[in-house]
Structure formats: structure tokens, C-alpha cells
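Numbering (this note's numbering), first residue to last: 209 to 402. Glycine included, every Cβ here is placed at the ideal spot set by N, Cα and C. Remember, it's a predicted structure, so these values are computed and weren't measured experimentally.
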Ligand SMILES: [Zn+2]
């Protein structure tokens with residue numbers, strides 16, 4: 209997801225580029241499991257202090273249902289809008305004064321938004337962050353997000369049937385694990401009595 213913007217930076221303010229993206233993102237983040245490439249279209253606009261990148265991107269991530277832990281495919285879609293900036297002017301090499309920068313101080317201080325000295329604009333980090341932000345906090349197997357998780361309902365029914373088959377009521381208190389029994393015994397012993 210690296211773009212050489214040397215040419216664009218030499219063009220007048222307002223110049224644009226448009227790219228269709230089909231990006232392999234399996235190596236982007238070890239915690240993000242992509243089921244397909246990241247696809248979409250981005251536009252780059254030459255600004256006074258760099259390049260404004262906008263676009264709409266989407267992919268599918270493998271996530272687990274918040275309720276039954278079953279793996280599910282989750283479509284993730286997000287709008288990209290980031291102000292990348294350069295530290296030097298590409299044609300003169302003149303250092304750009306921070307006051308010339310269009311954007312917030314947070315953007316100026318964000319290394320992910322810096323076009324490097326080889327005029328490479330790298331979208332990887334902002335896209336990685338956007339994927340996390342666009343991912344649902346509590347994904348569920350029910351795609352409409354309403355009602356009970358169908359898998360969880362099925363598992364609970366199966367569990368109840370198993371317990372019924374083994375002759376134990378489903379709401380019976382589980383027996384104490386023998387490994388804990390010794391500890392529980394220690395806890396109930398009062399040391400003052402010794
Ligand atoms: Zn589920």
C-alpha cells in the first residue's frame with residue numbers, strides 16, 4: 209500500500225490521482241484475519257503541505273461471534289480521509305514550516321501520516337487502524353444484529369439434551385472439582401483453632 213507521490217507533489221495544488229485498490233492484507237496485522245483482499249477506490253489530492261487521501265474501502269474479516277465463539281465472516285467497510293504531509297518540498301528540498309501544514313497538530317505529529325524522504329506515501333498503518341475502528345465491538349452470528357445468536361441457542365439446546373440424557377437436571381449445581389476440594393477444605397479450616 210505504498211505510493212510514490214513525487215510526481216503528484218510537483219504538480220499544482222488541487223492536482224489529483226485516482227487508484228483502484230485490490231490489496232492483499234493478510235500480513236497487515238497478526239490479529240486481523242482477512243478473508244479476502246481490501247478493495248475500493250482512493251483519490252489523492254495535492255494540498256499545500258502534502259496529499260489528502262480519501263476513499264471508500266472494504267474487506268471481509270474472520271471474527272468470532274461474541275456469544276457462541278463460532279467463527280464468522282464479517283464485512284468491514286470504512287471511509288478513508290487522511291492528510292499526509294511532507295517535511296520538505298519535493299522540487300526545492302526546502303524544509304516545510306509546520307505552520308504551513310494544513311490539518312490538526314495531531315495529524316502533523318502522527319508518523320503514520322508522514323510522506324518519507326523518498327516521497328513514499330504508505331497507507332498501511334492508517335488502514336490497519338481504520339479496520340480496527342470499523343470492526344464491530346461485539347460481532348454476532350445473526351447478521352441483522354437482532355435477537356438471539358442462532359448458534360448459541362442451538363448449543364444450549366444440545367447441552368440441555370445431553371444433560372437430560374445423562375439423568376442430570378440442567379440447572380443442577382456442578383460437583384466440586386477434586387483438585388479444588390483440598391483448597392476449599394483449607395479455606396474452611398480456621399487457623400485460630402490450632
Ligand atoms: Zn453466535
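> Thinking C-alpha only, which one of 371, 292, 245 and 275 is nearest residue 357?
Replying inline: By one-based count along the chain shown, residue 357 stands at place 149. Considering only alpha carbons, the answer is 275.
> Candidates 327, 290, 302 and 325: which alpha carbon is nearest residue 310's?
Replying inline: On the chain shown, residue 310 is found 102 positions in, with the first residue counted as 1. When only C-alpha atoms are compared, the closest one is 290.
>> Tell me the rounded alpha-carbon separation between residue 281 and residue 220.
In response: As a first step, residue 281 is located in the chain shown; it is residue number 73 there, counting from the start. As a first step, residue 220 is located in the chain shown; it is residue number 12 there, counting from the start. Looking at the two C-alpha atoms, the distance is approximately 43 Å.
> Grouping DSSP H, G and I as helix and E and B as strand, with all else coil, what is residue 312?
Replying inline: Here the question's residue 312 lines up with position 104 in the chain shown. Residue 312 falls in the coil class under three-state DSSP.
> What's the gap between the Cα of residue 248 and the Cα of residue 302?
Replying inline: Translated into positions along the chain shown, residue 248 becomes position 40. Translated into positions along the chain shown, residue 302 becomes position 94. Spanning the two alpha carbons is a distance of roughly 35 Å.
> Which term fits residue 254, buried or exposed, when burial requires 16 or more other beta carbons within 10 angstroms of its beta carbon?
Replying inline: Indexing the chain shown from 1 puts residue 254 at position 46. By the 10 Å Cβ count, residue 254 comes out buried.
> Which same chain residues, not among the five before or five after residue 240, have their C-beta less than 7 Å away from its C-beta?
Replying inline: Locating residue 240 in the chain shown gives position 32, counting from the first residue. Within the same chain, residue 240 has close Cβ partners 269 and 339.
>> Can you list, in chain order, the residues of its chain with a C-beta nearer than 6 Å to that of residue 272? Leave out the 5 residues immediately preceding and following it.
In response: Within the chain shown, residue 272 is the residue found at index 64, counting from 1. Excluding sequence neighbours, residue 272 sits near 279.
> So does the segment 322–334 actually touch the segment 283–298, counting three or more Cβ pairs closer than 8 Å?
Replying inline: yes
> DSSP on residue 361, reduced to helix/strand/coil?
Replying inline: The residue labelled residue 361 in the question sits at position 153 within the chain shown. In the structure shown, residue 361 sits in a helix (DSSP, three-state: H, G or I).
> DSSP on residue 372, reduced to helix/strand/coil?
Replying inline: In the chain shown, counting from the first residue as 1, residue 372 sits at position 164. Reduced to three states, the DSSP call for residue 372 is helix.
> Which value, in whole angstroms, describes the spacing of the CA atoms of residue 300 and residue 347?
Replying inline: Here residue 300 refers to the residue found at position 92 when the chain shown is read from its first residue. Here residue 347 refers to the residue found at position 139 when the chain shown is read from its first residue. Cα to Cα, residue 300 sits roughly 50 Å from residue 347.
> Does the Cβ of residue 242 have 16 or more other Cβ atoms within 10 Å, making it buried, or fewer, making it exposed?
Replying inline: Position 34 of the chain shown, counted from the first residue, corresponds to residue 242. Label assigned to residue 242: buried.
> Rounded to a whole number of angstroms, what is the C-alpha to C-alpha distance between residue 344 and residue 321?
Replying inline: By 1-based counting over the chain shown, the position of residue 344 is 136. By 1-based counting over the chain shown, the position of residue 321 is 113. C-alpha separation (whole angstroms): 25 Å.
> What does a CB cutoff of less than 7 Å around residue 214 pick up in its chain, not counting 5 residues either side in sequence?
Replying inline: One-based indexing of the chain shown puts residue 214 at position 6. Excluding positions up to five away in sequence, the list reads 298 and 327.
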